[in-house]
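In our numbering, the protein residues as written are 14 to 378. Input: a single structure, listed below in structure tokens.
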């Protein structure tokens, strides 16, 4: 697949909206709408990430690129948050810093839990990179590839809670382990969806809606949500009824791709989701903090259910819009851009490199 494909970028925008909705108070106002989408919310994000995966870069360059785009903003934001909380609350201990380096949702805490996905996505890229570059997964026959993915999903499901709050002894001290660092204990499940995205990239790029398939996907999704206990929340190590959950994810992803394809035909609507997709990092980082802060202000002293629902909608919308504004501010600051955007795109660093090269040339003459 060469270049960007509009409906895929729009689907990326839709997926980050789904993430923001799930982490908003809409989850409590209309759980019957929000909870079923858990079946495909994270799988969709993983599949779309896999669509753009490439292992063409050398290892060192690949790892630096992913650390630059994922780990750098993660550590910058959480370190800044830690310093802020330490200034406000003297009880914030060094344990919080350890939680940041551990990189799990339950160790990050505060209003920044969704950032666990950045560390996990980095670990996932590393895992899949080695699978492709060293074990040549892409050269296997399709049947063998699917067999490997079936093994991944089976083993990942069976071992999902092996490290989830298990008691371990470290230097004579008993600790309750909240999963493995960077959530690598769920990597076989997440890798399955990610690799499927990579395998199906051409089909997804050439995607065109089929009415019969959409009806079938809708029926399958509704049936699974109504008649099974399938549920997906990998951050909490929940993957109930794996077979139903997988087909529910597939049906939901088909529905989102259909929606994104039609959105691409409506310019203004497509442009909205394209902008959201381009700002997905900022929405991922800031939506919970801004959404809960706004909701708490809007609902102070309010108990009416309708008012709470309206306020939840407003807070959710603002939790998406405000990160867009933050992105604009960061884009206009070369200093802030260092923390959120790739180093190679920063004009301050480019200028410094030019000066350095010029000085080396002058020194050699």
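Ideal Cβ positions, reconstructed from N, Cα and C, are used throughout, including at glycine. Only a predicted model underlies this, so the values are computations on that prediction, with no experimental measurement involved.
Please report the distance separating the alpha-carbon of residue i from that of residue j.
{"i": "residue 39", "j": "residue 316", "result": "15 Å"}
{"i": "residue 160", "j": "residue 167", "result": "10 Å"}
{"i": "residue 338", "j": "residue 129", "result": "23 Å"}
{"i": "residue 72", "j": "residue 86", "result": "21 Å"}
{"i": "residue 312", "j": "residue 347", "result": "37 Å"}
{"i": "residue 205", "j": "residue 63", "result": "10 Å"}
{"i": "residue 245", "j": "residue 258", "result": "7 Å"}
{"i": "residue 422", "j": "residue 252", "result": "Since the first residue of the chain shown is 14 and the last is 378, residue 422 is not available in this structure."}
{"i": "residue 303", "j": "residue 344", "result": "19 Å"}
{"i": "residue 220", "j": "residue 155", "result": "20 Å"}
{"i": "residue 332", "j": "residue 81", "result": "25 Å"}
{"i": "residue 318", "j": "residue 243", "result": "28 Å"}
{"i": "residue 57", "j": "residue 21", "result": "11 Å"}
{"i": "residue 248", "j": "residue 66", "result": "22 Å"}
{"i": "residue 324", "j": "residue 17", "result": "36 Å"}
{"i": "residue 282", "j": "residue 341", "result": "20 Å"}
{"i": "residue 60", "j": "residue 207", "result": "5 Å"}
{"i": "residue 127", "j": "residue 78", "result": "21 Å"}
{"i": "residue 222", "j": "residue 350", "result": "39 Å"}
{"i": "residue 233", "j": "residue 149", "result": "35 Å"}
{"i": "residue 179", "j": "residue 186", "result": "14 Å"}
{"i": "residue 69", "j": "residue 122", "result": "36 Å"}
{"i": "residue 295", "j": "residue 188", "result": "34 Å"}
{"i": "residue 278", "j": "residue 218", "result": "15 Å"}
{"i": "residue 182", "j": "residue 254", "result": "32 Å"}
{"i": "residue 141", "j": "residue 147", "result": "10 Å"}
{"i": "residue 145", "j": "residue 74", "result": "16 Å"}
{"i": "residue 280", "j": "residue 100", "result": "46 Å"}
{"i": "residue 165", "j": "residue 158", "result": "11 Å"}
{"i": "residue 240", "j": "residue 314", "result": "38 Å"}
{"i": "residue 34", "j": "residue 273", "result": "17 Å"}
If you compare alpha carbons, which of the options is closest to residue i?
{"i": "residue 230", "options": "267, 171, 249", "result": "267"}
{"i": "residue 285", "options": "222, 303, 334", "result": "334"}
{"i": "residue 235", "options": "34, 18, 50, 25", "result": "50"}
{"i": "residue 84", "options": "66, 60, 114", "result": "114"}
{"i": "residue 54", "options": "67, 66, 32", "result": "32"}
{"i": "residue 76", "options": "158, 177, 136, 256", "result": "136"}
{"i": "residue 131", "options": "277, 254, 297", "result": "297"}
{"i": "residue 328", "options": "162, 301, 100, 189", "result": "301"}
{"i": "residue 138", "options": "34, 201, 163, 279", "result": "201"}
{"i": "residue 299", "options": "320, 141, 330", "result": "330"}
{"i": "residue 292", "options": "262, 336, 275", "result": "336"}
{"i": "residue 263", "options": "91, 52, 176, 125", "result": "52"}
{"i": "residue 133", "options": "110, 147, 158, 203", "result": "203"}
{"i": "residue 398", "options": "125, 162, 218, 29", "result": "Beyond the ends of the chain as shown, which are 14 and 378, falls residue 398; an answer cannot be given."}
{"i": "residue 190", "options": "112, 355, 36", "result": "112"}
{"i": "residue 353", "options": "91, 36, 34", "result": "91"}
{"i": "residue 125", "options": "101, 88, 151", "result": "88"}
{"i": "residue 176", "options": "260, 250, 143", "result": "250"}
{"i": "residue 36", "options": "192, 326, 151", "result": "326"}
Quick check on residue i: does DSSP put it in helix, strand or coil?
{"i": "residue 129", "result": "helix"}
{"i": "residue 222", "result": "coil"}
{"i": "residue 193", "result": "coil"}
{"i": "residue 48", "result": "helix"}
{"i": "residue 215", "result": "helix"}
{"i": "residue 37", "result": "coil"}
{"i": "residue 167", "result": "helix"}
{"i": "residue 67", "result": "coil"}
{"i": "residue 272", "result": "helix"}
{"i": "residue 173", "result": "coil"}
{"i": "residue 10", "result": "Any property of residue 10 remains undetermined from this structure, which presents the chain solely from 14 to 378."}
{"i": "residue 188", "result": "strand"}
Bridge partners of residue i, per DSSP?
{"i": "residue 252", "result": "245"}
Answer yes or no: the CB of residue i versus the heavy atoms of the ligand GDP, is any distance below 6 Å?
{"i": "residue 227", "result": "In the structure shown, the ligand GDP is absent, as is every other ligand, since no ligand is present at all."}
Compare the C-beta of residue i against all C-beta atoms of chain C and say whether one is closer than 7 Å.
{"i": "residue 334", "result": "In summary, chain C is missing from the structure at hand, where a single protein chain is found."}
Report task. Report yes or no: do the region 227-246 and the region 257-275 share at least 3 C-beta pairs separated by less than 8 Å? Result -> yes
Report task. Count the C-beta pairs between the region 95-104 and the region 36-53 that are closer than 8 Å, then say yes if the count reaches three, no if not. Result -> no
Query raised in the report: Should the region 42-57 be regarded as contacting the region 297-314, the criterion being three or more beta carbon pairs within less than 8 Å?
Result: no
Query raised in the report: So, do the region 177-197 and the region 110-126 have three or more beta carbon pairs nearer to each other than 8 Å?
Result: yes
Query raised in the report: Does the count of Cβ pairs from the region 23-30 and the region 285-304 closer than 8 Å reach three?
Result: yes
Query raised in the report: Is it a yes or a no for the region 214-224 touching the region 163-179, going by three-plus beta-carbon pairs under 8 Å?
Result: no
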